[in-house]
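One structure is given below, encoded as structure tokens.
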Amino acid sequence: MTDTPLVSVAAINYNNSKYVIETLDSIRYQTYANIELIIVDDCSTDNSVELIDSWLRTYAGKYRFIKHETNKGVCAACNTGLKNTTGKYFSIIATDDIMLPEKIATQVAVLEVTGNIVAAVYSDAYMIDDDSYPIEGLFIQDHRQFKEMPSGHIYEILLQGNYIPGMALLFKRSVFEDVGYYDESLIYEDYDMWLRIAKKYNIIFDNYISVKYRKRPGGLTSTIKNWRFSDIKIFLKHIDAPIPVERLHNLVFEAYALNDMDTMPLIKELGSKTNNNYFKIAYFLWEFRISPEFGNKVLVKESELNAVSPPEIIKDEKSDLMMFTEKICALFPLENLKTFACDAYYNNATDGMELNICLANKTNNRYFKTLYFICKFRVPHVIGAIILAKEQKYVDINLVPQIKEGDHSGQLQFTWQICALLPIEHLKSIAYEVYCQNVKDGTLLIKELLKKTNNRYFRTAYLLCEFRIPTVFGEKVLANKKEYIGTGFPSDIKEGDYPDIMIFVEQISAVLPVESLKVIARDAYFNNAGETKPLIVALAKKKRNRYIKAVSLLWKYQVFVPKGKAILSRIEGEKSDRSNWFTDMEV
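The opening residue of the sequence shown carries number 5 in the numbering used here; numbering runs sequentially from there.
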């Protein structure tokens, strides 16, 4: 025994009580003597653990029996087995498969005469059914067809699909110190490991059929519901190699059609790294909630262009989106495009706003521009539906200028459109969402609504935005002012217009307690919110509160914030409010 190298065999068990003894006996009766047996149970719920314990009481060889307290999955179980081995060689087997008696002896003899470039030897496998009766054919021909069995550098052959029976391999244990352990984020263990090894080492074939593979309904292969995530994650590791594009196209389409939310982010990464239009378009189809009924037409058209460009030719996201828009605009009539854009809005698609920009600029259609602004200003769906229903009648194509970043003419156009379509209460809801969600350019929209309607509610919302009043306070102000639907204020808003500030001060002073006003004043000073400075001055005059007056003076004389904090802390800590402090002083 001491003249032969130690071989570690890891037997992985999960609920295999019907087969486990047959597997363990096949290891016991190996003609090769110097074996250490590592049994890993992945928290079985049947009686297989009791059967293994009983079997081990009759086993005279070296062994360890490791029992997981929770089910960790096959990859984690394989790692447990691998980490507890000490042999020169390593073999792994599931406890429903069977080793033939000469398996270890034959494969050790092959590896003992190889150099460092060889990592493992593999063979074909017989197939058996659930009751151990033979199934016609061999494992490899059931998966792939070869005139001659691949041997040596088989990396590129493996990339086209796995064909090696995992239990038929014998590895040099040292290889795992180089390539690492099994990837536990995957749902199956073998293919990823074979590729990682084959990329750096040779794997040689031996004609001796060394194992029996059990093909059964309840096995791992038949019970895995979603291979896509693991398959695509594996190929992302080999993106610089000749990956099987047609196979990936099928996986990607399945993930899109089945709304596979776990896999789709990997497809976005796949498109970016390969620069393959099919993957990019499939991701956009999913992202914009375009139904497979329509999306399949785009992908069938695109599948003809399946060449993978070098990774360094990567387009930016805007050009990818424009490319996608070009594809769908070329294939679908306007009404279909409207459906896509609407679905992106109603399903809150992340890039829905960008899609509608592209569609508006490509088709020059007013409907898409309206959708763009509905998305941009977070118009609630119930209100957006009313706007879009009215907009359906506008099918003219010469109404929409190009939408550019920082171009505010659209806000004006959108405001006039929605004001004509919606009652005042709906407009107020839009303004409320714009303020509460801090929408970019929202102040400009509310300003246009105010000019159009001359409504007190919009004046209040505009000033809340303009003075950056935190929503925790501003929501209370707006909730208190919903009853005001009149036009009792001047409509023109001018920079530094103190009457507007005083109107706002009157409103917030009536709604918020002095403690809230103090917080608004303090935060504006700490954050140097210059546009809020006139508001704080007006609040100090209105409320005649010592704390707020102190904030306005600290700001006026540009006292550094750390020192100002100390002063305000002292004032805050005084028991008396002393609201008449500085009453005669001009603030």
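Even for Gly, the Cβ is constructed at its ideal location relative to N, Cα and C.
Proximal residues to residue i (C-beta, below 7 angstroms), its chain only, five neighbours per side dropped
i: residue 187; result: 79, 196
i: residue 403; result: Note that residue 403 scores a pLDDT of 49, beneath 50, so its modelled location is shaky; the value from the coordinates is reported in the next line. The residues are 370.
i: residue 10; result: 38, 40, 90, 91, 92
i: residue 574; result: none
i: residue 293; result: 347, 348, 351, 353
i: residue 158; result: 202, 207
i: residue 274; result: 236, 240, 283
i: residue 598; result: Residue 598 is absent from the model: the chain starts at 5 and stops at 591.
i: residue 565; result: 530
Candidates the options, of which the one nearest residue i by Cα
i: residue 362; options: 465, 330, 577; result: 330
i: residue 190; options: 166, 231, 335, 177; result: 231
i: residue 281; options: 332, 35, 263, 384; result: 332
i: residue 207; options: 45, 161, 245; result: 161
i: residue 101; options: 153, 245, 29, 74; result: 29
i: residue 184; options: 253, 476, 267, 82; result: 82
i: residue 577; options: 559, 550, 561; result: 550
i: residue 479; options: 458, 437, 359; result: 437
i: residue 95; options: 31, 366, 364; result: 31
i: residue 263; options: 238, 291, 167; result: 291
i: residue 358; options: 239, 452, 326, 336; result: 326
i: residue 192; options: 180, 177, 178, 170; result: 170
i: residue 345; options: 335, 517, 366, 372; result: 372
i: residue 166; options: 144, 63, 323; result: 144
i: residue 367; options: 379, 391, 341, 388; result: 341
i: residue 47; options: 338, 16, 392, 36; result: 16
i: residue 457; options: 156, 302, 429, 253; result: 429
i: residue 335; options: 127, 305, 569, 482; result: 305
i: residue 52; options: 71, 518, 176, 77; result: 71
i: residue 156; options: 119, 178, 552; result: 119
i: residue 258; options: 245, 273, 296; result: 296
i: residue 116; options: 154, 181, 176; result: 176
i: residue 163; options: 364, 243, 569; result: 243
i: residue 303; options: 260, 338, 561; result: 260
i: residue 434; options: 473, 384, 427; result: 384
i: residue 300; options: 337, 265, 254; result: 254
i: residue 442; options: 427, 388, 380; result: 380
i: residue 477; options: 518, 563, 449; result: 518
Cβ shell of residue i (< 8 angstroms), same chain only, five flanking positions each side left out
i: residue 241; result: 196, 199, 200
i: residue 499; result: Confidence in residue 499 is poor, its pLDDT being 44 and thus under 50, which makes the residue's placement unreliable; the coordinate value appears in the next sentence. Nothing meets the Cβ criterion.
i: residue 221; result: 134
i: residue 55; result: 21, 24, 25
i: residue 132; result: 102, 138, 139, 216, 217, 218, 219
i: residue 179; result: 123, 124, 201, 205
8 angstroms contact criterion, which residue i and residue j should meet: CB distance rounded
i: residue 104; j: residue 256; result: The pair is not a contact, with the Cβ atoms about 40 angstroms apart (cut-off 8 angstroms).
i: residue 67; j: residue 26; result: Incorrect: roughly 17 angstroms between the Cβ atoms, too far for contact.
i: residue 554; j: residue 571; result: 7 angstroms
i: residue 50; j: residue 19; result: 5 angstroms
i: residue 236; j: residue 270; result: 5 angstroms
i: residue 114; j: residue 7; result: Their Cβ separation, rounded to whole angstroms, is 18 angstroms, which puts residue 114 and residue 7 out of contact at 8 angstroms.
i: residue 123; j: residue 205; result: 3 angstroms
i: residue 328; j: residue 377; result: That belief does not hold up - the Cβ atoms of residue 328 and residue 377 are roughly 21 angstroms apart, past 8 angstroms.
i: residue 431; j: residue 481; result: About 17 angstroms; that fails the 8 angstroms criterion.
i: residue 233; j: residue 267; result: 5 angstroms
i: residue 473; j: residue 391; result: So it is not a contact: roughly 28 angstroms between Cβ atoms.
Cβ shell of residue i (< 6 angstroms), same chain only, five flanking positions each side left out
i: residue 85; result: 14, 42, 44
i: residue 172; result: 126, 127, 129, 214, 215
i: residue 36; result: 108, 109
i: residue 374; result: 395
i: residue 454; result: 462, 463, 466
i: residue 98; result: 16
i: residue 475; result: 440
i: residue 568; result: 558
i: residue 153; result: 209
* Check whether the stretch 138-156 touches the stretch 51-60, taking contact to mean three or more Cβ pairs, one atom from each stretch, closer than 8 angstroms. => no
* Is the stretch 107-115 in contact with the stretch 148-166, if contact means three or more CB pairs nearer than 8 angstroms? -> no
* If you pair each beta-carbon of the stretch 522-530 with each one of the stretch 449-465, do three or more pairs fall below 8 angstroms? -> no
* Asked: Along the chain, which unbroken stretches of the alpha helix (DSSP H) at least 4 residues long are found entirely within the stretch 360-400?
  -> 370-380, 385-395
* Asked: Whole alpha helix (DSSP H) runs in the stretch 127-151 with 4 or more residues, listed along the chain?
  -> 143-147
* Asked: Can you list, in chain order, the stretches of the alpha helix (DSSP H) that have 4 or more residues and sit fully within the stretch 233-304?
  -> 249-261, 268-278, 281-291
* Asked: Counting only runs that start and end within the stretch 93-128, where is the beta strand (DSSP E) found for 3 or more residues in a row?
  -> 93-98, 122-126
* Segments assigned alpha helix (DSSP H), at least 4 residues, entirely inside the stretch 137-219 -> 143-147, 159-163, 179-183, 194-204
* To do: For the stretch 15-80, list the alpha helix (DSSP H) runs that are entirely contained and at least 4 residues long, ordered along the chain.
  => 24-32, 52-60
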